Amino acid sequence: MTAVLDREMHIEQTNPKREVLKELDDKGTRYAILSHRWGAEVSYEEMTGLMKMEKGEREEVRQRTGYQKIIKSCEQARKDGHEWLWIDTCCIDKQSSSELSEAINSMYRWYQNAQVCYAYLNDVDELPRSTGLYDFPMFICGLNGPEWFMWGWTLQELIAPRELEFFNKDWAPIGNK
């Protein structure tokens, strides 16, 4: 995570061979993990090959909302004192069918073993003003609620982590579980 932020801060001077992703054992490592809806994401190949790209291609990747999400979640993890952060979109080599299969089968455990899970709600500005005890469940389940709660895949990301922190589209904390 620090390597990603350092690379971003010194993008023009960074060694193209600098390692930004590292494989670690999830049981012996303290880490944060990101739960989010996919959009214009950055792949494993793009994340590891960013510095080898031509400047124009590199800038296109860095401008994507998915790249900004990586940077903001790394900043949050560092602020919270975590050395490592796991993000599915850029930490799984989807070109490898065996790695993808292992990842799908390991997801629940990875969310369960994380110290904290950051749930990024890209479609939430702020929580609605509460007028009563039952407003928040309506916000979650309503038709205009966050897509994150409508997506079946995030169910395991809701129940597995011991600590879950919700962030709005501006990375402001809006709640926890």
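The opening residue of the sequence shown carries number 1 in the UniProt record's numbering; numbering runs sequentially from there. We put the beta carbon where it would ideally sit given N, CA and C, even for glycine. No experiment lies behind these values; they were computed from the predicted model shown.
Identity of the residue in the options nearest residue i by Cα
i	options	result
Val42	Arg58, Gly81 and Trp171	Arg58
Trp171	His82, Tyr31, Ile33 and Glu75	Glu75
Gly28	Ile70, Arg109 and Arg64	Arg109
residue 184	Gly152, Asn105, Tyr118 and Leu158	Residue 184 is absent from the structure shown; the chain starts at 1 and stops at 177.
Thr65	Trp38, Trp148, Trp151 and Ala114	Trp38
Gln115	Leu85, Asn168 and Thr48	Leu85
Asp77	Leu34, Ser98, Gln63 and Thr48	Note on identity: in this sequence residue 77 is Ala, with Asp being the wrong assignment. Checked all of Leu34, Ser98, Gln63 and Thr48; the closest Cα to Ala77 is Leu34.
Thr48	Glu83, Ala40, His82 and Thr89	Thr89
Gln63	Ala40, Ser73 and Tyr44	Ala40
Through-space distance from residue j to residue i, alpha-carbon basis
i	j	result
Asp80	Met53	32 Å
Pro173	Gly56	34 Å
Ile87	Asp125	22 Å
Phe166	Ile70	15 Å
Ile104	His36	15 Å
Other residues of its chain near residue i: CB distance less than 8 Å, five sequence neighbours each side excluded
i	result
Val61	Val42, Glu46, Leu50, Met53 and Tyr67
Gln112	Ala160, Pro161 and Arg162
Leu100	Ile92, Asp93 and Lys94
Asn176	Glu163, Leu164, Glu165 and Phe166
Under the three-state DSSP convention, the category residue i falls into
i	result
Asp135	Below a pLDDT of 50, predicted positions are generally treated as unreliable, and Asp135, at 49, falls in that range; the measurement from the model is reported next regardless. Correct three-state label for Asp135: helix.
Leu121	coil
Ile104	helix
residue 220	Here the chain comprises residues numbered 1 to 177, so residue 220 is not present and cannot be evaluated.
Asn113	helix
Leu21	At Leu21 the pLDDT is 48, less than 50, meaning the model places this residue with poor confidence and gives no usable figure here.
Residues of its chain near residue i, where Cβ-Cβ distance is below 6 Å and the 5 sequence neighbours each way are ignored
i	result
Pro146	Leu121, Asp123 and Val124
Same chain, Cβ closer than 7 Å to residue i, five either side skipped, listed in chain order
i	result
Asn168	Leu121, Val124, Asp125, Glu126 and Ile174
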